[in-house]
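In this note's numbering, each residue carries its 1-based index in the sequence shown increased by 37.
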Amino acid sequence: MSRHGDLAKAGRRELEEQRRCVGSWGVRTIIRTAIIISTTALAIVQVQSLVSDYMSFPTNTLYLVEEKSSIPSPAITICPKYSISRSRMAALNLTESDFSDKAAIIGEGASRLGLPQAEFFDLVRLELLQLLHTTYYWNDLGGKWSQRTFYSWDVSEFYECFTLTVPVPRNTGPGGCNENCIILEFKNLLSYRNRDRPNAEVYIHEAEEPYSELPVFGAVQILIHNDSTTEIFLTPELMEFQDKSSAPCTRDSNHSYIKCVEECFFGEALLDPDVECVVTILLPPWKNWTTEKPECGTENQWSFLEMGLYEKRDEYLGKCGGCKKRCTATEYAIVGKPTPSCGTNSGSLMFSFPSKKVGTFQEQPAMSLLALLSNIGGILGLCLGISLLNIYDLFEDASIALYNRVSKKYST
């Protein structure tokens with residue numbers, strides 16, 4: 038009996054030991070499986086986060102300062118706003134004394150001649166050589182002047198602007214103030230809104246981005262008065278942006294953001310059935326426009342001027358969101374020093390580029406594709422290593438447990 042009892046006790050002890058081994062192996066298996074699953078999940082989350090960051094195209098901004106002996110010439114736009122030609126008025130037998138309210142010269146003059154305001158303004162507008170003292174200096178540099186008529190929605194008036202573009206680069210560094218000089222003549226200028234002291238607005242901007250009445254033009258305004266001399270110092274700063282989904286841009290050097298918006302804006306006006314007619318002189322001159330709408334007359338001119346260009350301006354601009362800015366652009370920091378002169382009956386603008394140092398704001402990708410793949414590889418390598426170690430331990434424990442069970446079975 039004692040022998041059978043000893044065998045029974047030994048069997049129970051062996052069974053309990055096997056249960057403990059199986060239970061311990063099961064706990065270890067659960068823990069290691071949990072580690073594998075959590076490590077894999079963490080790796081997936083981290084990879085998704087990296088890919089999401091890469092797709093959002095994060096950037097860093099690098100500021101570089103380089104010495105340049107010359108830079109591309111900026112464009113210069115001169116707008117003698119709300120001013121007309123005295124001599125051209127006289128050719129129509131009109132003088133400012135004929136009008137009780139000088140601010141109403143355009144409206145009353147057009148009414149007297151039975152013309153739309155746009156047509157009357159075209160008859161009395163200033164010509165380039167009536168505004169400039171001379172153009173020979175800029176002509177020698179290959180400079181070209183262009184003229185365009187605009188309509189101000191703020192005061193409901195037409196005005197003229199002249200833009201100079203020069204293909205020859207401008208030298209940087211110290212130089213004489215007369216190297217770049219524009220002298221404006223005010224003798225023939227009849228200003229019907231700034232009668233006490235006539236002035237002209239001047240803008241210095243990129244040649245690729247012309248002056249515009251639309252709110253997409255953002256160059257700094259310089260005001261030149263009669264009998265004054267203004268000297269300004271220009272510091273160009275280059276901007277280099279990355280083309281990304283949140284702020285798309287184009288690397289086409291011939292592209293113009295402002296031209297794109299203007300073409301879209303006026304195209305919408307010409308397609309709008311509520312706009313009955315068109316004022317042709319206000320259309321962007323660089324494009325050949327075709328429309329079935331007639332030229333606006335005296336009675337319906339406000340259909341284009343007020344309805345098309347003012348009341349629906351935001352609606353039209355909202356449809357022009359597809360226009361891209363250029364990835365590479367130039368901005369001009371301007372420091373001015375007005376120095377009044379007396380009795381010259383002209384206004385002078387002198388400008389120079391006193392420093393050879395040109396700053397560049399360079400937007401660079403914060404993460405390249407190679408860096409993304411490297412980071413993903415590191416994460417996968419770490420997580421895979423942990424997973425493989427745990428899988429190897431599980432396989433080893435299972436092999437040992439199976440070996441023990443088999444060996445004990447055959448040993449009995």
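C-beta atoms are modelled at their ideal positions from N, C-alpha and C, and glycine is treated no differently. Note that the coordinates shown come from a computational prediction; the quantities given were computed from them, not determined experimentally.
Assigned secondary structure, residue i (DSSP; H/G/I helix, E/B strand, else coil)
| i | result |
| --- | --- |
| Ser183 | strand |
| Lys362 | strand |
| Gly384 | strand |
| Glu300 | helix |
| Tyr240 | strand |
| Ser107 | strand |
| Gln279 | coil |
| Arg350 | helix |
| Val315 | strand |
| Ala71 | helix |
| Thr76 | helix |
| Val102 | strand |
| Arg125 | helix |
| Cys420 | helix |
| Tyr248 | coil |
| Glu332 | strand |
| Ser189 | strand |
| Ser89 | helix |
| Ser265 | strand |
| Asn337 | coil |
Pair within 8 Å by beta-carbon distance, residue i and residue j
| i | j | result |
| --- | --- | --- |
| Ser110 | Pro247 | no |
| Ser249 | Ile295 | yes |
| Ala112 | Glu243 | yes |
| Glu368 | Ser340 | no |
| Thr287 | Lys361 | yes |
| Arg234 | Ala140 | no |
| Leu165 | Trp182 | yes |
| Arg363 | Glu245 | yes |
| Ile318 | Thr209 | no |
| Leu129 | Leu160 | yes |
| Ala155 | Val315 | no |
| Glu302 | Leu251 | As written in the sequence, residue 302 is Phe, which differs from the Glu given in the question. Yes, they are a contact pair. |
| Gly144 | Leu131 | no |
| Ile269 | Gly384 | no |
| Val239 | Leu386 | yes |
| Val82 | Ile413 | no |
| Leu342 | Tyr188 | yes |
| Gln279 | Glu400 | yes |
| Thr76 | Cys297 | no |
Beta-bridge partners of residue i, as assigned by DSSP
| i | result |
| --- | --- |
| Tyr119 | For Tyr119, which the question treats as bridged, DSSP gives no partner whatsoever. |
| Ser228 | Ser120 |
| Leu271 | Ile371 |
| Ala112 | His242 |
| Cys286 | Lys362 |
| Glu400 | Thr98 |
First through last residue of the alpha helix (DSSP H) which encompasses residue i
| i | result |
| --- | --- |
| Ile143 | 142-150 |
| Val205 | Here Val205 belongs to no alpha helix (DSSP H), and DSSP marks it neither H nor E. |
| Asp309 | Unbroken run through Asp309: none, as it is neither H nor E. |
| Leu160 | 154-161 |
Residue range of the unbroken beta strand (DSSP E) whose run includes residue i
| i | result |
| --- | --- |
| Phe195 | 194-202 |
| Leu221 | 218-222 |
| Leu168 | Segment 165-168 is the alpha helix (DSSP H) holding Leu168; no beta strand (DSSP E) there. |
| Leu260 | 258-262 |
- Kindly confirm or deny that the segment 216-232 and the segment 120-137 touch, where touching means at least three C-beta pairs closer than 8 Å. yes
- Any contact of the segment 348-362 with the segment 318-331, i.e. 3+ C-beta pairs under 8 Å? no
- Query: Any chance the segment 110-120 sits against the segment 194-206, with 3 or more Cβ pairs inside 8 Å?
  - Reply: yes
- Task: Say whether the segment 166-183 touches the segment 252-259, bearing in mind that this needs 3 or more beta-carbon pairs closer than 8 Å, one atom from each stretch.
- Result: no
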